[in-house]
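Protein chains: 4
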Amino acid sequence: MEPRERRIQLLEHAARLFGDRGYYNTSISDIVSSADVARGTFYLYFPNKRKIFEELVDSLLLRLTSCIETVEVDGDARSPKDQLVDNLVRVFVLLCEERHMLSILLRGAVGLDQEIDDKLQDFYREILEAIESSLVLGQQMRLVRNVNARMTALAVLGAVKETLHGLLNTEYSLESEHEIRQHAVNIIDIFSVGVLLDGVTIP
Amino acid sequence: MEPRERRIQLLEHAARLFGDRGYYNTSISDIVSSADVARGTFYLYFPNKRKIFEELVDSLLLRLTSCIETVEVDGDARSPKDQLVDNLVRVFVLLCEERHMLSILLRGAVGLDQEIDDKLQDFYREILEAIESSLVLGQQMRLVRNVNARMTALAVLGAVKETLHGLLNTEYSLESEHEIRQHAVNIIDIFSVGVLLDGVTIP
Amino acid sequence: MEPRERRIQLLEHAARLFGDRGYYNTSISDIVSSADVARGTFYLYFPNKRKIFEELVDSLLLRLTSCIETVEVDGDARSPKDQLVDNLVRVFVLLCEERHMLSILLRGAVGLDQEIDDKLQDFYREILEAIESSLVLGQQMRLVRNVNARMTALAVLGAVKETLHGLLNTEYSLESEHEIRQHAVNIIDIFSVGVLLDGVTIP
Amino acid sequence: MEPRERRIQLLEHAARLFGDRGYYNTSISDIVSSADVARGTFYLYFPNKRKIFEELVDSLLLRLTSCIETVEVDGDARSPKDQLVDNLVRVFVLLCEERHMLSILLRGAVGLDQEIDDKLQDFYREILEAIESSLVLGQQMRLVRNVNARMTALAVLGAVKETLHGLLNTEYSLESEHEIRQHAVNIIDIFSVGVLLDGVTIP
DNA sequence: AATGAATGAGTCTTCATTCAT
DNA sequence: AATGAATGAAGACTCATTCAT
């Protein structure tokens, strides 16, 4: 088999196993027997277990990052809300295809490897900062209420992560892009409008 | 040492180590040398590594559950919003004292042990169902907008988890109860009102 | 078994195996099955294979060094020649009891471990320097011919090593101390007088 | 490349690596990547790792043997001493060009391979026997003192080996044949005359 | 004549668990 | 109630060798 193919094959089998059983419950033996190659073959392509895991995480973060585009507030582009929805849809679509690595992405890699954990932390920090600065900008433009931007950013990120987890890991099987878009709209909607009917207030 | 004391001592050392390094990077050796007892002593109190971890998780879930009280909508009690805030404050206060187990609580125990992971899943499912049915009730009472209740419940849970993570694991050091209450109010506020100023809409 | 005893037992078995088969043809499996303990037991006493080998070499070099005493030329001590013989006898006696490590001592540990090889090199360098400076001193005292001291020191060391090898590793079984002393006298004699009869010269 | 050339190329790279790092720290990978050929190519020329090493040893022993000529005591040849020196010079010159294999030659191959070790042993035994019988002959001719011939042969061999080691492996860089001859003369001289000035005896 | 992907037996090392004292 | 020496199954990783192309 072509080296390129074999590499990809190993990555795919490893992703599924790491995603299903976690890093420590996946042995090199599991990976190679799943991919139906000899033990030594693994080491032709990856120097060790940690590295194949790292490569999976790196690759996912890279593709995720490239999914997310800065929202343009310029005149004739799509509306900011639509752009947000588009971003979220792209993320959802990508993760639908990469369900295996999802649990690692959502849960971090605490206790697995410091370096990898740091990468995930950095990734989330960047997202948080983007959300936070958008909120601050919105406040300056008198579009956003006077909420604690940092806290709200955390809330938004957490909401997205948990709905992702809920949608992708359980019964739902988001197959049509229409369904996916519907869910993205929902999330954005909750945060942009709030959950209460206009005029209603809890006393 | 009194058996009861020793048991507690071992649990405390284990909690700190599991929280800091994760389950798989904490060995029985680490626990007993941290607690300064002999290897064999550990097995007088716990049948195996899995069980001490399970006990820590069980105990935390138990205390967490007892923190959360059903919101009463009856006449003369505190306002529902205050009751929600009180719940959140109690959860925050408890987790401030149990920071060690926090990462396990927040990230689940995927890849550690199926049974323990199931417990966490059940715990979160119950919380989700409580939030969801509150939302549905609110909708029936015409207090809550026509949002997807399931999705919104996931969003709320995720927001709480992520802010907890952000608040407890990073720079912030929630020491005074006043500060803690402030953060709880913030979260509830975001979800009850939404982040946009009244009347403002993203086109 | 007492830790001290077990440690010694493992060292003895390892010494025999390393001596017989060499470092690379001796596996931890060989050592533990020879000592009839479990695999893990080895690692209670030594952190790895390299370390047990290093300890064996260190210990031998230490005992060898303590065998060798500086020759005193003061008046009423034993004659210098007798002192040299005594040194050699002590070395021979020690190595008779430690035949296993002899091949390692004689051949160096090239290709085994840089640090260990350096120790052996240092050991031999010290011996060489001692011999060389004795020769130079002898020349200053007009006792020793005008030979190249460095070369001669190398020749002496090599002669001792090779005779040791020949005597200890082959048919001969130097059992009585008398025999041992006889051989030591021979070597010293060869170098002190030269191999040729007085007055005879190869043309 | 011509098969003959390729073979030689592989042998040269292997010799350098074996000499520098030792047998066990030299992998087939090292050899083929040093020679810049494919893994499989190695096995077109040598059936296994052991064999290429054996061939290197065999070839060296062969060339060494052919360096050494029986000393003729007949009338009009060069003087016996000069013949000895010539032998030694030829050995030195050869080994200067083959420094890589020197450490293997000097240290034996204990723990590498029984068969190869036996070859080295045989080689040295032959040399020893030649020296020994020369000494015995010398004694019969009343040229050599009444020393233990076996012991003395060992001493001579060891002295030559150690000086070789000292001269070739360290600071000295025997480049001119004149220098080499000088050292050979030194060694022969030490043994033929002894290290002490005429008439001087250690009491 | 050469390639290099694949193999798998073998090695070191870890660690949860047991049990005699 | 406590100890800690011993166990051995299991895992990561290496490398000489094979073979289809």
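In the order they appear, the protein sequences are chains E, U, P and A.
Residue 152 in the working numbering sits at position 152 of the first sequence, and the numbers go up by one each step.
Residue 1171 in the working numbering sits at position 171 of the second sequence, and the numbers go up by one each step.
Residue 2076 in the working numbering sits at position 76 of the third sequence, and the numbers go up by one each step.
Residue 3188 in the working numbering sits at position 188 of the fourth sequence, and the numbers go up by one each step.
The beta carbon of each residue, even a glycine, is placed where N, CA and C say it ideally should be.
As the structure is a computational prediction, the values presented were derived from the model and not from experiment.
Problem set entry | Within the stretch 79-140 of chain E, ranges of the alpha helix (DSSP H) (whole runs, at least 4 residues) | Runs of the alpha helix (DSSP H) inside the stretch 79-140 of chain E: 80-97, 99-107 and 114-140.
- request: Kindly say whether Thr-2070(P), judged by its beta-carbon, lies nearer than 8 Å to any beta-carbon of chain A.
  value: Start at 1 with the first residue of the third sequence, and residue 2070(P) comes out as number 70. No, Thr-2070(P) does not count as interfacial toward chain A.
Original post:
Roughly how many angstroms separate the alpha carbons of Ser-33(E) and Glu-2(E), rounded to a whole number?
Top reply: The residue you call residue 33(E) lines up with position 33 of the first sequence. The residue you call residue 2(E) lines up with position 2 of the first sequence. Each residue's Cα considered, the two are about 19 Å apart.
Could you check whether Leu-3135(A) and Ala-3149(A) sit closer than 8 Å to each other, using their CB atoms as the reference points? The residue given as residue 3149(A) occupies position 149 in the fourth sequence. The residue given as residue 3135(A) occupies position 135 in the fourth sequence. Yes, the Cβ-Cβ distance between Ala-3149(A) and Leu-3135(A) is below 8 Å.
| query | Which one of Arg-2063(P), Ser-2027(P), Tyr-2043(P) and Leu-2044(P) has the shortest CA to CA distance from Glu-2097(P)? | reply | For this step, residue 2097(P) is matched to residue 97 along the third sequence. Taking only the C-alpha atoms, the option nearest Glu-2097(P) is Arg-2063(P).
Environment of Arg-3107(A) [buried if 16+ CB atoms lie within 10 Å]
Locating residue 3107(A) in the fourth sequence gives position 107, counting from the first residue. So Arg-3107(A) counts as buried.
From which residue to which residue does the alpha helix (DSSP H) around Phe-18(E) run?
In the first sequence, counting from the first residue as 1, residue 18(E) sits at position 18. Taken as a continuous stretch (DSSP letters only), the alpha helix (DSSP H) holding Phe-18(E) covers 3-21.
Using DSSP with H/G/I as helix, E/B as strand and the rest coil, what is Ile-3202(A)? By 1-based counting over the fourth sequence, the position of residue 3202(A) is 202. A caution first: Ile-3202(A) carries a pLDDT of 46, below 50, which makes its placement in the model unreliable, though a value can still be read off. Three-state result, Ile-3202(A): coil.
Using a Cβ-Cβ distance cut-off of 8 Å, determine whether Ile-1116(U) contacts chain E. The residue you call residue 1116(U) lines up with position 116 of the second sequence. By this cut-off, Ile-1116(U) is not an interface position.
Listing by chain order, which chain P residues have their CB less than 8 Å from the CB of Ala-3038(A)?
On the fourth sequence, residue 3038(A) is found 38 positions in, with the first residue counted as 1. Under the 8 Å cutoff, chain P gives no residues; its nearest Cβ is about 26 Å from Ala-3038(A).
field: Inter-stretch contact at 8 Å, needing at least 3 Cβ pairs: the stretch 185-193 of chain E / the stretch 1003-1010 of chain U
entry: They do not touch, by the three-pair rule.
- Taking three-plus beta-carbon pairs below 8 Å as touching, is the stretch 1150-1170 of chain U in contact with the stretch 149-163 of chain E? Verdict: yes, contact present.
- Task: Please confirm if Lys-3161(A) has its CB atom under 8 Å from at least one CB of chain P.
- Result: On the fourth sequence, residue 3161(A) is found 161 positions in, with the first residue counted as 1. It does; some Cβ of chain P falls within 8 Å.
| said: By the DSSP assignment, the alpha helix (DSSP H) with Glu-69(E) in it spans what residues? | reply: Taking the first residue of the first sequence as position 1, residue 69(E) is located at position 69. Element bounds for Glu-69(E): n/a, residue is neither H nor E.
### Task
May I ask which residues mark the beginning and end of the alpha helix (DSSP H) holding Phe-2206(P)?
In the structure as shown, chain P starts at 2001 and stops at 2203, and residue 2206(P) therefore has no counterpart that could be examined.
Starting from Thr-152(E), follow the alpha helix (DSSP H) in both directions and report where the run begins and ends. Numbered from its first residue, the first sequence carries residue 152(E) at position 152. 149-169 is the extent of the alpha helix (DSSP H) around Thr-152(E).
Taking contact to mean at least 3 C-beta pairs separated by less than 8 Å, is the stretch 2017-2029 of chain P in contact with the stretch 2049-2061 of chain P? yes
Looking at Leu-2095(P) and Leu-2168(P), is the spacing between their C-beta atoms short of 8 Å?
Mapped onto the third sequence, residue 2168(P) falls at position 168. Mapped onto the third sequence, residue 2095(P) falls at position 95. In this structure, Leu-2095(P) lies closer than 8 Å to Leu-2168(P) by Cβ.
Nearest neighbour of Ser-59(E), chosen from Leu-143(E), Val-144(E) and Ile-104(E) [CA to CA]:
For this step, residue 59(E) is matched to residue 59 along the first sequence. Checked all of Leu-143(E), Val-144(E) and Ile-104(E); the closest Cα to Ser-59(E) is Ile-104(E).
Exercise for review: Could you tell me the distance, in whole angstroms, from the CA atom of Phe-3046(A) to the CA atom of Arg-3004(A)?
Suggested key: Locating residue 3046(A) in the fourth sequence gives position 46, where the first residue counts as 1. Locating residue 3004(A) in the fourth sequence gives position 4, where the first residue counts as 1. For Phe-3046(A) and Arg-3004(A), the distance between alpha carbons rounds to 12 Å.
C-alpha gap between Asp-122(E) and Glu-115(E), whole angstroms: The residue you call residue 122(E) lines up with position 122 of the first sequence. The residue you call residue 115(E) lines up with position 115 of the first sequence. Answer to the nearest angstrom: the Cα atoms are 11 Å apart.
**Asked** Can you list, in chain order, the residues of its chain whose CB lies under 7 Å from that of Ile-2131(P), leaving out five sequence neighbours each side?
**Response** Taking the third sequence and counting its residues from 1, the one referred to as residue 2131(P) is at position 131. Cβ within range, chain order: Ala-2153, Val-2156 and Leu-2157.
| chain A contact for His-2183(P) (CB, 8 Å cutoff) | To locate residue 2183(P), count along the third sequence from 1; it is residue 183. A Cβ of chain A is located within less than 8 Å of the beta carbon of His-2183(P).
(request) Spell out whether any CB of chain E is found under 8 Å from the CB atom of Ile-1202(U). (result) The residue given as residue 1202(U) occupies position 202 in the second sequence. Since pLDDT at Ile-1202(U) reaches only 48, below the 50 mark, its modelled position is unreliable, and the value read off the structure follows with that caveat. It does: the Cβ of Ile-1202(U) has a partner Cβ on chain E nearer than 8 Å.
So which residues of chain P does Leu-3157(A) contact, with C-beta pairs closer than 9 Å?
Translated into the one-based positions of the fourth sequence, residue 3157(A) becomes position 157. Against chain P, the beta carbon of Leu-3157(A) has neighbours under 9 Å at Gly-2158, Ala-2159, Glu-2162 and Gly-2166, listed in chain order.
Handout entry: With 16 other Cβ atoms within 10 Å as the buried cut-off, status of Met-1141(U)
Key = Position 141 of the second sequence holds residue 1141(U). Exposed, since its Cβ has fewer than 16 Cβ neighbours within 10 Å.
Assuming the contact rule is C-beta atoms closer than 8 Å, His-3013(A) and Ala-3035(A) should be a hit. Round their C-beta distance to whole Å, please. Position 13 of the fourth sequence, counting from 1, holds the residue named residue 3013(A). Position 35 of the fourth sequence, counting from 1, holds the residue named residue 3035(A). Right, their Cβ atoms sit about 4 Å apart.
- What's the call for Asp-1113(U), buried or exposed, on a 16-neighbour Cβ count within 10 Å? To locate residue 1113(U), count along the second sequence from 1; it is residue 113. When all chains shown are included, Asp-1113(U) counts as buried.
By the three-class DSSP mapping on this structure, what secondary structure does Asp-3074(A) have? On the fourth sequence, residue 3074(A) is found 74 positions in, with the first residue counted as 1. Reduced to three states, the DSSP call for Asp-3074(A) is coil.
Item to complete: Specify, as a first and last residue, the run of the alpha helix (DSSP H) that Ser-2034(P) falls within.
Response: The count along the third sequence starts at 1 and reaches residue 2034(P) at position 34. Start and end: 2028-2035.
Item to complete: At 8 Å on the CB atoms, spell out the chain E contacts of Val-1147(U), in chain order.
Response: Translated into positions along the second sequence, residue 1147(U) becomes position 147. Ordered by position in chain E, the residues that pass the 8 Å Cβ test against Val-1147(U) are Asn-186, Asp-189, Ile-190 and Val-195.
Proximity test, Cβ basis, 8 Å: Met-2101(P) and chain A
Taking the first residue of the third sequence as 1, we reach residue 2101(P) at position 101. No - not a single Cβ of chain A is within 8 Å of the one on Met-2101(P).
Contact the stretch 174-185 of chain E vs the stretch 84-94 of chain E: 3+ CB pairs below 8 Å: yes
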